[in-house]
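Visitor: Note that the protein sequences, when read in sequence, are chains A and B. Residue numbering for the first sequence follows my numbering, starting at 1193 and increasing by one per position. Residue numbering for the second sequence follows my numbering, starting at 2 and increasing by one per position. Don't be surprised by glycine CBs; every beta carbon is placed ideally from N, CA and C.
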Amino acid sequence: MHVATADSTLESSKEAASQLWEQLSNRLGNPPDWIVVAPSVNYDIPQVQQTLNSLGAKRFHGSTSCLGAMTERGVINAEGRGIAAFGIADPNGDYGVGEASLDATTSPEAAACQALDAALSDAERPGEVPDLIWISAPPGCEERVISGLESSLGAGVPIVGGSSADNDVSGQWAQLTQVGVHLNAVIVSVLFPSTKLHFAFHSGYEPTEIKGRVTRADGRILYEIDERPAAEVYNDWTDGVLQDALATGEQNVLPLTTLYPLGRVVGSVGGTAYHQLSHPDRITSERGLSLFSDVEVGDEVWLMQGTRHSLVERGGRVARAAMQAGNIKPDDIAGGLVIYCAGCMLTVQDQMDDVVGHLNDALDGHPFLGSFTFGEQGCFIGGENRHGNLMISVLLLGNAPA
Amino acid sequence: MKQVNEELRESLVELQVQLEQERTWRKEGDLLLEGVTRLAIARDSETVYAVLVDVLGPLLGFDVAALFLADDNALVSMAAEEHSLAGVRLSIDSALRRVLLGKSVAVFDTSKQPAWAAQSSTLLDRVRSALHIPIFAGESVAVLICVHSEKGFFSARHTRIAQRIMPMVSAALLSIQGFQLRLKSEQQNQAAAAVATHRDLLERALGSVGAGVGYVTSADLVPLGRTLHEILADWKTPDAWWLHYRNHLHPGHTVLINDTSPTGNRFTHEATLMDTTGDDQLLLIADVTRWVLAEQALQDMNAELIVARDAALSANRAKSNFLANMSHELRTPLNAIMGYTDLLTEDAQARKETETLSYLEQVLQAATQLLSLIDDVLDLSRIDAEPINMHMGWIDLDNLLEDIHVTITPAIEQHGNTLRITCKISRNKIWANKDRLQQVLLNLLSNAAKFTTSGFIEIYVGLCHTDDGREQFSFEVRDTGVGIPADRLEDIFQPFSQVDTSNTRRYGGTGLGLTISRSYCELMGGSLEVTSTVNVGSIFTVLLPATCPSNDNENKERREH
Chain A
1193 MHVATADSTL ESSKEAASQL WEQLSNRLGN PPDWIVVAPS VNYDIPQVQQ TLNSLGAKRF
1253 HGSTSCLGAM TERGVINAEG RGIAAFGIAD PNGDYGVGEA SLDATTSPEA AACQALDAAL
1313 SDAERPGEVP DLIWISAPPG CEERVISGLE SSLGAGVPIV GGSSADNDVS GQWAQLTQVG
1373 VHLNAVIVSV LFPSTKLHFA FHSGYEPTEI KGRVTRADGR ILYEIDERPA AEVYNDWTDG
1433 VLQDALATGE QNVLPLTTLY PLGRVVGSVG GTAYHQLSHP DRITSERGLS LFSDVEVGDE
1493 VWLMQGTRHS LVERGGRVAR AAMQAGNIKP DDIAGGLVIY CAGCMLTVQD QMDDVVGHLN
1553 DALDGHPFLG SFTFGEQGCF IGGENRHGNL MISVLLLGNA PA
Chain B
2 MKQVNEELRE SLVELQVQLE QERTWRKEGD LLLEGVTRLA IARDSETVYA VLVDVLGPLL
62 GFDVAALFLA DDNALVSMAA EEHSLAGVRL SIDSALRRVL LGKSVAVFDT SKQPAWAAQS
122 STLLDRVRSA LHIPIFAGES VAVLICVHSE KGFFSARHTR IAQRIMPMVS AALLSIQGFQ
182 LRLKSEQQNQ AAAAVATHRD LLERALGSVG AGVGYVTSAD LVPLGRTLHE ILADWKTPDA
242 WWLHYRNHLH PGHTVLINDT SPTGNRFTHE ATLMDTTGDD QLLLIADVTR WVLAEQALQD
302 MNAELIVARD AALSANRAKS NFLANMSHEL RTPLNAIMGY TDLLTEDAQA RKETETLSYL
362 EQVLQAATQL LSLIDDVLDL SRIDAEPINM HMGWIDLDNL LEDIHVTITP AIEQHGNTLR
422 ITCKISRNKI WANKDRLQQV LLNLLSNAAK FTTSGFIEIY VGLCHTDDGR EQFSFEVRDT
482 GVGIPADRLE DIFQPFSQVD TSNTRRYGGT GLGLTISRSY CELMGGSLEV TSTVNVGSIF
542 TVLLPATCPS NDNENKERRE H
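Structural data, given as structure tokens:
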């Protein structure tokens, strides 16, 4: 297996995509069998897709990333514009990419299953259990996408990926594959690599001792905690982080809450709990909180806390956790894919070079592609596939035969 | 500090994960070694099949499994007539071709996999997922197919285990009669090559679980592969180990050898000698030194902890006995003081000596406070010193709440507070000790009344569930009082602790009520927790199991130290 990354900040979409292809082909020495593409929304996505197809890309899995991307060479962002790619040449493995549009007649669950079947057909492995599923979806339906995939595949297959993102949460995100370009579609890749895979899914946050129970919620709107308006409870918990917003009626609170998300216990290892995070982005008219992930009545939510320092270091630490999970050393790595929350990236934007530095230290300079996403999907230590916010997901491709 | 906490927490989780993984690998390794041992002495294909199903069943969890043999273009079931996979014939497509080349393949939905999709719908109703494990023996290939009625049952974990099992089974098949006959018809060099290949496979399989393997004759130990060399690195040659310990070994038995190696290192080897169908014997050696040392360290640590715990318990009991005795000694004269003060008060009232009356009232008030303190100390020392009989029974919730309402109302109203009682559960019987539960709730309400002025105090009774789904009664005592800082929330349950030492003077109380209340809750099988926000209020939550214990002894009483 050979792995390489490529990147460009050229303004022309066609030239940027051509540059990606040229770099990947040169660095791999062979045409890639699977490509992950992460463009910012400034690019003409249909143009990127057409160019990659015209140059002979067999299959690619693309999803827009907030303000560019990152690779082992650094952050790929020139005034909010950047595109990067990760390619694998693995003649002894099988890979497939499938897509399905989300529309009024197709539920996220059904779209996920359609995309899975299409990906397995593309890999010429219909009905077979892949080693890992890589997904992209627009923000808003990720839990249902995971649920759809698990209803078909069972819960034993790790699902990793990130939600499409734009530069300003205005909804311009997109998805692309060798088949088409979409604004609202589920993209599924199935991986049957010839070498071993290792992964980890973490947040850079610690639980505080403050918690409450969700007493009213609907999907991603958390109305009440302990029978009180959620925004007021959250404000009390954080010693007034939302005080001004509540007083002035300001709805957008995304930047205020990044270091204090809400967490729910997903599982525990030896009595130590690990958490899935929800990021409050807006105060509703009823003084509830809008989140980037679903909550349910009865859920116990904890106030989590993070620091800029932990967000900067965390990418490297999650990469190390993935290595530790497989009991491998950096020499055993061919390359990696990193999903890094866009909210975290925006919080430590001036220290992103350090984030890349920590990843390079952990991966010993092996190639990696990092996408900045509006939702992260990954497989926890206990094997639970989950969607969360403010998380970091790392997938490492090893050198040792599977 | 946050960073250190995060790192500590992360290290703890990673350590636990590693331990869990090691346990899983060790369990799988044990099962594989057991399988190797049993397969090595199998004499026919039926035994091999029975052993396979025995060994693989717990690891893979399939409904049924059957061996399939390849003919020109299909895999044909070898299962007996009554078996649910009898007569099944699967056309060899690209997936099954990969199986025949040595890759295990899991199918999550047989209706989507071409070879299976061509089968009857009746069969597919029973077989929704399948795992295909290749088994090599010489030039012959068999496929063990495990099936399950649940779609998506098999995952990458199953194929990983299958890949590890495959060489073990293949090596075993080489030694059984049917395959030997087939091998005899092959050219000698082909047979030798096949044996070498499968010895290598066996070595790899055992190496993956930390065991080395070798063939032994009377004086020689011939290692297969490098694992045995690595395990016996402290000896000049593997033969040296064999000559030294062979008298301890008997075919079919596993022996633990604890000794010091020629280079002075302590070691523990788990050695198993097995007969084969040939003249040689097979020797498996697993180096378990690390495990034995870890177990010993764990036992030492446990022993130290037990000694420390016993010492602490003993000291605590002595302290509590002293307190209990002292409290009795204090209570006796105090009762006399209060009795005589009562008599003097009656005299003073009769003589209308108002100044004397005022002094006597102060004496009585001080004595009452002192008695309350002594009662609390007595309660606490009883809990600490000796087993408490916690007589549990079904109690009437309405009556309990009514009694509490009547008793606490004057204290609630003293500071202009309003009391609300909310009961959100339909059943009226709860499993508890009425006196103790009432004491706990009155203590919490009395605290709420003390620390709240012109506010609301509520008892909220509801049902909730533990993480593992068991129902619990929840009694929340909520107030809109001064609240408790987050960093003092646990301290308030410590004896003689109040949020602020000045509180003792300002609000009264001994600082023992919450300690006693939490102990009583725990003795009733429940818990007492608190959440609070300064200047907003506090919520004290008593959680009690909603069902009585099924055990008869526990049903009658719960005894705790």
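1) Who are the neighbours of V108 (chain B) on chain A, taking C-beta pairs under 8 Å?
2) Can the beta-carbon of V108 (chain B) be found closer than 7 Å to that of A131 (chain B)?
3) Apart from the five residues on each side of it in sequence, which residues of its chain come closer than 8 Å, Cβ to Cβ, to L402 (chain B)?
4) In this structure, how does DSSP classify L564 (chain B) when only helix, strand and coil are distinguished?
5) Which of the residues in the stretch 1416-1436 of chain A, read from start to end, lie with their CB under 7 Å from any CB of chain B?
6) Run down chain B in chain order and give the residues with a C-beta less than 8 Å from the C-beta of L1495 (chain A).
7) What are the partner residues of S1293 (chain A), as DSSP defines its beta bridges?
8) Do V1229 (chain A) and A1292 (chain A) have their CB atoms nearer than 7 Å?
9) Within the chosen definition, does the stretch 1294-1312 of chain A reach the stretch 83-90 of chain B through at least 3 CB pairs nearer than 8 Å?
10) Based on the DSSP secondary-structure assignment, which residues constitute the bridge partners of H1253 (chain A)?
11) For L1589 (chain A) and D1286 (chain A), I'd like the C-alpha separation in whole angstroms.
12) Below 8 Å on the Cβ atoms is my guess for H149 (chain B) versus R129 (chain B); work out the distance and round it to an integer in Å.
13) K1388 (chain A) lies in the beta strand (DSSP E); which residues open and close that run?
14) Along the chain, where does the alpha helix (DSSP H) containing L91 (chain B) start, and where does it finish?
15) Between which two residues does the beta strand (DSSP E) holding T1263 (chain A) run?
16) Report, in whole angstroms, the separation of the C-beta atoms of V1289 (chain A) and R1251 (chain A), which I expect to be a contact under 8 Å.
17) Kindly list, in the order they appear in chain A, the residues whose Cβ is closer than 9 Å to that of P224 (chain B).
18) Can a CB atom of chain B be found closer than 7 Å to the CB of G1574 (chain A)?
19) Only counting the same chain, and skipping five residues up and downstream in sequence, which positions put a Cβ closer than 6 Å to that of V444 (chain B)?
20) Within the stretch 1423-1500 of chain A, note down every full beta strand (DSSP E) run reaching 3 residues or more, in order along the chain.
21) For D1199 (chain A), write down the residues that DSSP places opposite it in a beta bridge.
22) In angstroms with no decimal places, state the Cα-to-Cα distance between G1354 (chain A) and A298 (chain B).
23) Along the stretch 153-164 of chain B, what residues have a CB closer than 9 Å to any CB found in chain A?
24) Could you pull the start and end residues of the beta strand (DSSP E) that Q473 (chain B) belongs to?
25) Could you pull out every residue in the same chain whose Cβ sits closer than 6 Å to the Cβ of G1570 (chain A), ignoring the five residues on either side in sequence?
26) Residues of the stretch 228-249 of chain B in Cβ contact with chain A at a cutoff of 8 Å, in chain order, please.
27) Would you kindly work out how many angstroms separate the C-alpha atoms of Y508 (chain B) and L1438 (chain A), rounded to a whole number?
28) Between L1345 (chain A) and chain B, is the shortest Cβ-Cβ distance under 7 Å, so that the two count as touching?
29) Fully enclosed by the stretch 388-433 of chain B, which alpha helix (DSSP H) runs are 4 residues long or longer?
30) Output, in chain order, the set of chain A residues within a Cβ distance shorter than 8 Å of Q114 (chain B).
31) What are the boundary residues of the alpha helix (DSSP H) that N1245 (chain A) is part of?
32) Does the distance from the C-beta atom of I1475 (chain A) to that of Q1497 (chain A) stay below 7 Å?
33) Step through the CB atoms of chain A and report whether any lies within less than 7 Å of the CB of T423 (chain B).
34) Tell me, which residues are paired with W1326 (chain A) by DSSP?
35) Quick one, which of A:P1224, A:L1202, A:A1208 has its alpha-carbon nearest A1196 (chain A)'s?
36) May I ask which residues mark the beginning and end of the beta strand (DSSP E) holding A212 (chain B)?
Guide: Concretely, from the data shown:
1) G1319, E1320, V1321
2) yes
3) I422, C424, I460, V462
4) No information on residue 564 (chain B) is available, as it lies outside the stretch 2 to 562 that chain B covers here.
5) D1428
6) Those do not exist, as L1495 (chain A) stays about 10 Å from chain B at its closest Cβ, beyond 8 Å.
7) A:A1377
8) no
9) no
10) A:V1228, A:T1369
11) 14 Å
12) 7 Å
13) 1387-1395
14) It is not in any alpha helix (DSSP H) - L91 (chain B) instead sits in the beta strand (DSSP E) that spans 90-92.
15) 1261-1263
16) 5 Å
17) Neighbours of P224 (chain B) on chain A: none; closest Cβ ~24 Å, over 9 Å.
18) no
19) In the sequence on display, residue 444 (chain B) carries Asn and not Val. Closer than 6 Å at the Cβ level, and outside the excluded window around N444 (chain B), lie G514, S518.
20) 1454-1461, 1464-1470, 1472-1475, 1481-1483, 1492-1498
21) A:A1276
22) 44 Å
23) G153, F154, F155, S156, A157, R158, H159, T160, R161, Q164
24) 472-480
25) V1352, F1393, S1585
26) none
27) At Y508 (chain B), the pLDDT of 49 sits below 50, so the modelled position is not reliable; the number obtained from the coordinates is stated separately. Cα-Cα distance, rounded: 35 Å.
28) yes
29) 398-415
30) P1318, G1319, E1320
31) 1237-1247
32) no
33) no
34) A:V1352, A:S1381
35) A:P1224
36) 212-217
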